[in-house]
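Engineer: Position one of the sequence shown corresponds to residue 341 (the working numbering), numbered consecutively onward. Virtual Cβ for every residue (Gly too), placed ideally from N, Cα, C.
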Amino acid sequence: GSFFAYELNTTGLGTADLLDVNGNLDLNGTVTLNLTDLGSSSLLTDGTKFTMISYFGSWTSGDIFAGYADDSEFTLFGNDWRINYDDTSAGAVNGGAFTNAVTLTVIPEPNAAVLVGGLGLLALLRRRR
(Lines of atoms letter the chains of each structure in order from A; the text may use other names.)
(Lines give C-alpha, C1' and ligand atoms only; values in the text may rest on other atoms or scores of the structure.)
Protein backbone atom coordinates (compact mmCIF):
# COMPACT_ATOMS: atom_id res chain seq x y z
CA GLY A 341 0.00 0.00 0.00
CA SER A 342 2.54 2.64 -1.02
CA PHE A 343 2.62 5.53 -3.51
CA PHE A 344 5.25 6.62 -6.02
CA ALA A 345 4.78 10.26 -7.04
CA TYR A 346 6.35 11.21 -10.38
CA GLU A 347 6.35 14.72 -11.81
CA LEU A 348 7.20 15.65 -15.38
CA ASN A 349 6.83 18.84 -17.37
CA THR A 350 5.40 18.54 -20.88
CA THR A 351 5.86 22.29 -21.42
CA GLY A 352 9.44 22.74 -20.22
CA LEU A 353 10.78 19.56 -21.79
CA GLY A 354 13.84 18.40 -19.93
CA THR A 355 12.46 18.59 -16.46
CA ALA A 356 11.22 15.49 -14.70
CA ASP A 357 11.81 13.55 -11.52
CA LEU A 358 14.44 10.80 -11.52
CA LEU A 359 15.10 8.12 -8.92
CA ASP A 360 18.46 6.31 -9.12
CA VAL A 361 18.50 2.91 -7.38
CA ASN A 362 21.89 1.31 -6.77
CA GLY A 363 20.44 -2.20 -6.64
CA ASN A 364 17.41 -4.22 -7.76
CA LEU A 365 14.09 -2.65 -8.71
CA ASP A 366 11.61 -3.96 -6.15
CA LEU A 367 7.98 -2.81 -6.41
CA ASN A 368 6.76 -5.59 -4.15
CA GLY A 369 3.16 -5.25 -2.97
CA THR A 370 0.66 -2.72 -4.25
CA VAL A 371 2.43 0.44 -5.40
CA THR A 372 0.21 3.20 -6.78
CA LEU A 373 1.78 5.45 -9.40
CA ASN A 374 0.75 9.12 -9.16
CA LEU A 375 1.70 10.96 -12.35
CA THR A 376 1.63 14.77 -12.36
CA ASP A 377 2.29 17.16 -15.25
CA LEU A 378 3.81 20.43 -14.00
CA GLY A 379 3.26 21.92 -17.46
CA SER A 380 0.19 22.52 -19.54
CA SER A 381 -0.32 19.04 -21.02
CA SER A 382 1.52 19.96 -24.21
CA LEU A 383 1.67 17.46 -27.06
CA LEU A 384 5.11 15.90 -27.25
CA THR A 385 6.99 14.43 -30.20
CA ASP A 386 6.57 10.68 -30.66
CA GLY A 387 9.53 8.88 -29.10
CA THR A 388 10.07 11.43 -26.32
CA LYS A 389 11.25 9.32 -23.39
CA PHE A 390 11.33 10.10 -19.68
CA THR A 391 13.30 7.97 -17.21
CA MET A 392 11.33 7.52 -14.01
CA ILE A 393 13.69 5.12 -12.24
CA SER A 394 17.24 4.16 -13.16
CA TYR A 395 18.48 0.98 -11.46
CA PHE A 396 21.66 -1.10 -11.35
CA GLY A 397 20.35 -4.60 -10.62
CA SER A 398 17.50 -6.71 -11.90
CA TRP A 399 13.73 -6.43 -12.09
CA THR A 400 11.17 -9.16 -11.31
CA SER A 401 8.51 -9.04 -14.03
CA GLY A 402 5.62 -9.27 -11.56
CA ASP A 403 6.70 -6.10 -9.75
CA ILE A 404 4.71 -3.32 -11.44
CA PHE A 405 2.82 -0.20 -10.51
CA ALA A 406 -0.86 -0.99 -9.89
CA GLY A 407 -2.71 -0.84 -13.23
CA TYR A 408 0.42 -0.37 -15.36
CA ALA A 409 1.68 -3.67 -16.77
CA ASP A 410 5.03 -3.77 -18.56
CA ASP A 411 4.74 -2.29 -22.08
CA SER A 412 1.15 -1.21 -21.42
CA GLU A 413 -0.17 1.88 -23.18
CA PHE A 414 -2.33 4.66 -21.77
CA THR A 415 -3.40 8.23 -22.51
CA LEU A 416 -2.57 11.02 -20.09
CA PHE A 417 -1.80 14.75 -20.35
CA GLY A 418 -2.95 14.76 -24.00
CA ASN A 419 -0.29 12.21 -25.02
CA ASP A 420 -0.28 8.43 -25.56
CA TRP A 421 2.37 6.67 -23.46
CA ARG A 422 4.05 3.27 -23.06
CA ILE A 423 5.63 2.24 -19.75
CA ASN A 424 8.67 -0.05 -19.82
CA TYR A 425 10.14 -1.49 -16.61
CA ASP A 426 13.26 -3.09 -18.08
CA ASP A 427 14.41 -0.53 -20.63
CA THR A 428 18.14 -0.68 -21.36
CA SER A 429 18.33 2.82 -22.82
CA ALA A 430 17.53 5.74 -20.58
CA GLY A 431 15.35 8.59 -21.72
CA ALA A 432 17.04 11.51 -23.43
CA VAL A 433 14.98 13.89 -21.29
CA ASN A 434 16.55 13.14 -17.92
CA GLY A 435 18.87 10.11 -18.30
CA GLY A 436 19.87 8.19 -15.21
CA ALA A 437 22.98 6.84 -13.52
CA PHE A 438 22.47 3.14 -14.28
CA THR A 439 21.95 0.85 -17.30
CA ASN A 440 18.39 -0.34 -16.54
CA ALA A 441 15.39 1.95 -16.35
CA VAL A 442 11.67 2.35 -15.91
CA THR A 443 10.69 4.69 -18.74
CA LEU A 444 7.66 6.51 -20.11
CA THR A 445 7.74 6.96 -23.90
CA VAL A 446 5.36 9.00 -26.04
CA ILE A 447 3.92 6.76 -28.75
CA PRO A 448 1.84 7.56 -31.85
CA GLU A 449 -1.88 7.80 -31.31
CA PRO A 450 -3.39 4.43 -32.33
CA ASN A 451 -5.85 6.07 -34.75
CA ALA A 452 -3.02 8.02 -36.40
CA ALA A 453 -1.02 4.82 -36.97
CA VAL A 454 -4.04 3.13 -38.57
CA LEU A 455 -4.66 6.19 -40.76
CA VAL A 456 -1.03 6.36 -41.95
CA GLY A 457 -1.01 2.60 -42.65
CA GLY A 458 -4.29 2.87 -44.55
CA LEU A 459 -3.03 5.78 -46.64
CA GLY A 460 0.13 3.81 -47.45
CA LEU A 461 -1.94 0.83 -48.58
CA LEU A 462 -4.13 3.06 -50.77
CA ALA A 463 -1.06 4.61 -52.36
CA LEU A 464 0.38 1.16 -53.06
CA LEU A 465 -2.87 -0.09 -54.62
CA ARG A 466 -3.20 3.06 -56.71
CA ARG A 467 0.38 2.69 -57.95
CA ARG A 468 -0.23 -0.90 -59.08
CA ARG A 469 -2.94 0.22 -61.56
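Can you tell which of Thr376, Phe414, Ser398 has the C-alpha that lies nearest to the C-alpha of glutamate 449?
Structural biologist: Phe414
Engineer: So the beta strand (DSSP E) valine 446 belongs to, where does it begin and stop?
Structural biologist: 440-447
Engineer: Beta strand (DSSP E) containing aspartate 426: first to last residue?
Structural biologist: 419-427
Engineer: Nearest to threonine 445 by alpha carbon, out of Thr385, Gly352, Ala409, Gly397?
Structural biologist: Thr385
Engineer: Taking the beta strand (DSSP E) that aspartate 366 falls in, what are its first and last residues?
Structural biologist: Aspartate 366 -> no beta strand (DSSP E), and no H or E assigned at all.
Engineer: Report all residues from its chain with a CB closer than 6 Å to the CB of glycine 341; omit the five preceding and five following residues, and keep chain order.
Structural biologist: Thr370
Engineer: Assuming contact is defined by CB atoms lying nearer than 8 Å, are aspartate 420 and alanine 441 in contact in what I supplied?
Structural biologist: no
Engineer: Assess contact between the segment 384-400 and the segment 359-369, defined as three or more Cβ pairs (one per stretch) separated by less than 8 Å. Is contact present?
Structural biologist: yes
Engineer: At which residues does the beta strand (DSSP E) containing isoleucine 393 begin and terminate?
Structural biologist: 389-395
Engineer: Would phenylalanine 343 be called buried (16 or more neighbouring beta carbons within 10 Å of its own) or exposed?
Structural biologist: exposed
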